[in-house]
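In what follows, a structure is listed as structure tokens, so that the remarks can point back to it.
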Amino acid sequence: MSVVDTLNAYYAAFNRQDAEGMLALLSDDVVHEPSQGEPRHGKDAFRAFLSHMNRCYAEQVIDPVFMASEDGSRGAAEFQLTGRYLETDEGLPAATGQQYALRVGAFFEFSDGLIARVSNHYNLADWTRQVQTA
């Protein structure tokens, strides 16, 4: 599967809230670098992250654009993320079902055809403004 095909499958699984479908595309020693916070290492840590996210947020990736290095070792995605804040996340404003939209960039490293690193970037201050004024 090409980098673009893998990213397409990854975000299709994301939109279905299909954690196992996403995890199937990751290496066992995957590194997840969130926009804020400490990196997570390994599939089990990523699985716990996805469980937490699916409990607190209902999100959809809209109009993704994928890019890949010529050698297939790196990829990137840019997309609009729409969502609804379902359950209060620790240290963040109270959840009352607020809707939000963010532009997100994500960077990927591949090893043996699997995603070995996921690095997500978005504007937390913008998200916070949206859910506080909703």
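Here numbering that gives the first Met the number 0 is used: position 82 in the sequence shown is 81, and no number is missing along the way.
Just so you know, even glycine gets a beta-carbon here, dropped at the ideal spot from N, CA and C.
Residue(s) in a DSSP beta bridge with residue i
i: Phe78; result: Val103
i: Gln98; result: Arg83
i: Leu25; result: Ile114
i: Met66; result: Ala75
Own chain residues within Cβ distance below 8 Å of residue i, not counting five before or after
i: Arg73; result: Val2, Ala67, Phe106, Phe107, Glu108 and Phe109
i: Leu22; result: Lys42, Phe45, Arg46 and Leu49
i: Gly71; result: Ser1, Val2 and Phe109
i: Leu24; result: Thr5, Ala8, Tyr9, Ala12, Leu113 and Ile114
i: Ala94; result: Cys55, Tyr84, Leu85, Glu86, Thr87, Asp88 and Val130
i: Asp125; result: Leu101
Burial state of residue i (16 or more Cβ within 10 Å)
i: Pro38; result: exposed
i: Thr5; result: buried
i: Gly96; result: exposed
i: His31; result: buried
i: Glu58; result: buried
i: Ala76; result: buried
i: Val130; result: buried
i: Val64; result: exposed
For residue i, three-class secondary structure by DSSP
i: Tyr121; result: coil
i: Ala44; result: helix
i: Gln129; result: helix
i: Arg54; result: helix
Own chain residues within Cβ distance below 6 Å of residue i, not counting five before or after
i: Ser26; result: Ser110, Leu113 and Ala115
Spatially closest choice to residue i from the options, by CA coordinates
i: Gly82; options: Ala76, Arg102 and Gly90; result: Arg102
i: Met52; options: Thr132, Asn14, Asn122 and Ala124; result: Asn14
i: Gln16; options: Phe65, Ser118, Gln98 and Val60; result: Val60
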